[in-house]
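Q: There's a structure below that I have some questions on.
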Amino acid sequence: MYKLLIFLFLISIVVSCSIPENFGIPTWDTTFRAIFLNDIYNVEDVAEEDSSLVVINNILTYQDTISESQALNEFSLYDPETRFYDVSLQEIIPDPLEELFPWGEYFIVPEFEMDPNLTELDPYADFEEIGVFTGTIILELTNNTPVGYGNQQAGYPLSADIINTTTDEIMLSVIFNDIPADGGETTTYVNLDGLIIPNTLSIMIYGGCTGTNGEPCLIDDEFMNSTLDVNVDISDLIVDYVINAKIPYQEIDTISDQFDIDIEYPEIIGDFELLGYSEIIFVLNSALPGNVIFDLTAENLSDSTQVFLQPYEGGGDHSFSLDIIAGETLINLNSNEYNINEFFSILPEMISYDIYSSIGDSTQYYTVYSTDEVEAEIQFFTQLQLSTGAGGIWILPREEGELKVSVSQTDDFDQKIYDAFIRGGVYFDYLNDTGVELGADIFIADNEQNLRDEIYNFVDPDTNIVEIFNIPVLESTVGSTFKELEITICQSDLDAFLADSIFIAPRLYLFSEGEFPLSNGVHLIGELFLTIRINEDLTEDEDDN
């Protein structure tokens, strides 16, 4: 009996030492998961933002067109050959006066009013019709007769009407200075501005004569056949239009302008060059043959870089000349002969251009109006096929000119989950069908400015204020099948997630030898995958909820 009591006593002691004052709640491990990144960097999305970027067969291509036109405006014309004729004295002496002349005798010829003389000039072979903007007609008269012409004092000046032979309309009337006898001359310049001139003109001479001024003169064949000589010159022609005329070679107004390339380029750190096929096509339309000289300059305003378009074998001359025909001229410049890839490798924000046009062809006849234009269309085409060299480049996506930063809400992750951390990792699911080798650094911070500052630090970013998840390689993927990689993390890597929201931005590392053009894109999904230990504090939180 005594031994039994001792045994029971010992059992009671052991039991009393093993049983806690309260049983509490058991602990166990569970999983916490949260997606914090889901970003797509896709050539299709880039192309949708700007019509200059076009996806052709999944390849990102830059296409753009400049269209310019320059009216001929008023243009010059060859001066037509001089037209000349002579009028004999017999043709302008009135019939009643001629009957008074004693043939073969000396006679004083009195003042008289000449019979009007209408003469049709030889047709101009230089044109069928012209509309004159500015020009001059020069009438030069030489008096080889023994009588004087013009008597302005008596009210009978020497005059001429220039007549449109086609319509019989008087185009203009001219009054000359009086011309003395025996070799007297007079020249008159008349403005032709605004007149329409056919290829055939007529001139009618009329007015008074002073006779022989009281001196007797022998009346014979020499007297009657002596002439008033008239030279007609049309010069300094600037015309509004011509019908069937030869046009001299001449310059028209220069076109100088620029256009912005409205593309949201990513920020690229490092050197690269374009290697894909590129071309610039000129489509020129002109009413006349001629020549066009182009200067094209690509400008990156951010770093003040300029590249002139020029041939590889051009001796440094960046102005190039294109002969054009009447009608359409199409000229193709390609990247095998011209530095088009270098032109676009600077990521230009603006293209400046000067177009110097000359028109004219002295061998053929054309009908041309001042409103006719030289039209120039410049088409740009280049595939974004990058070569980065051994060092690769960093690409930082931008939005409205600034680093593209996304925000993720992290309210579900708090201090108690942080404290319950046992182990964890970050899972990245990704698609990469860009055709180039990619890697990425994912920057995370609870302060946006810290992220913006440190993402540009490529030497020693401050990991006390940003978390960096390094993905050395995003292997190529096919179709819509994601690949996955895991980065193991420790508890301190979760510091940024304690904020209610975090700021996230990637910097992508790109390496390419230029074998393939840039295509499709990258899709990154980042997910926290944590093992945490459930304890009393966490269950109390759940009860409170």
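The opening residue of the sequence shown carries number 5 in this note's numbering; numbering runs sequentially from there. Just so it is clear, CB atoms sit at the ideal spot from N, CA and C, and this is done for glycine as well. Bear in mind the structure is a predicted one, so any value in this text is a computation, not a measurement.
1) Out of curiosity, what's the CA-to-CA distance linking P315 and D365?
2) Taking 7 angstroms as the cut-off, decide whether the C-beta atoms of S163 and Y210 are in contact.
3) So within the segment 195–241, which uninterrupted alpha helix (DSSP H) runs reach at least 4 residues, ignoring any that extend past its ends?
4) Look up K420 in the DSSP assignment and say whether it is helix, strand or coil.
5) Can you check whether the CB of S339 is closer than 7 angstroms to the CB of S282?
6) Does DSSP put D264 in a helix, a strand or coil?
7) Taking the alpha carbon of I329 as the reference point, which residue from P352, Q310, V287 has its own alpha carbon closest?
8) Go through its chain and collect everything with a Cβ distance to F515's Cβ below 6 angstroms, but skip five positions before and after it.
9) In the DSSP assignment, what residue or residues form a beta bridge with E332?
10) Measuring only the C-alpha atoms, how far is T414 from L534?
11) Starting from S122, follow the beta strand (DSSP E) in both directions and report where the run begins and ends.
12) Contact between the segment 247–258 and the segment 341–349: three or more CB pairs below 8 angstroms?
13) Is there contact here, the segment 167–186 with the segment 197–206, by at least three beta-carbon pairs under 8 angstroms?
14) Measuring straight from C-alpha to C-alpha, what distance separates E25 and D445?
15) Leaving out the 5 sequence neighbours to the left and right, which residues in its chain are closer than 6 angstroms to D165 when beta-carbon positions are compared?
16) Assign F501 to buried or exposed, taking buried as 16 or more other Cβ atoms, counted over all protein chains shown, within 10 Å of its Cβ.
17) What whole-angstrom Cβ distance do V378 and S73 have, given they're in contact under 8 angstroms?
18) Going straight from the alpha carbon of N248 to that of F263, what length do you get?
19) What three-state label does DSSP hand I350 in the structure shown?
20) Following the continuous alpha helix (DSSP H) through E102, name the residue where it begins and the one where it ends.
21) Closest to E353 by C-alpha separation, out of S230, A302, T375, would be which residue?
22) Measuring straight from C-alpha to C-alpha, what distance separates I142 and N195?
23) Three or more C-beta pairs under 8 angstroms: does that hold for the segment 288–297 against the segment 354–361?
24) Run through DSSP, which three-state label would A449 get?
25) What is the DSSP secondary structure of L522, reduced to helix, strand or coil?
A: On the basis of the data shown:
1) Taking the straight line joining both Cα atoms gives about 28 angstroms.
2) yes
3) DSSP runs (the alpha helix (DSSP H)) wholly in the segment 195–241: 225–229.
4) Note: K420 maps to helix in three-state DSSP.
5) yes
6) strand
7) Nearest C-alpha to I329: V287.
8) T392, G396, E441
9) In DSSP, E332 forms a bridge with N289.
10) T414 and L534: Cα-Cα distance of roughly 14 angstroms.
11) For clarity, residue 122 is Leu in the given sequence; the question names Ser instead. In the DSSP assignment, L122 falls within the unbroken beta strand (DSSP E) covering 121–124.
12) no
13) By the criterion of at least three beta-carbon pairs nearer than 8 angstroms, the segment 167–186 is in contact with the segment 197–206.
14) Note that E25 has pLDDT 42, beneath the 50 cutoff, so the model's placement of it is unreliable and the number below is only indicative. If you take the alpha carbons of E25 and D445, they lie about 52 angstroms apart.
15) I174, S177, M208
16) buried
17) 7 angstroms
18) 38 angstroms
19) coil
20) 99–102
21) A302
22) 9 angstroms
23) Yes: at least three Cβ pairs fall under 8 angstroms.
24) Judged by DSSP in its simplified three-state form, A449 adopts strand.
25) coil
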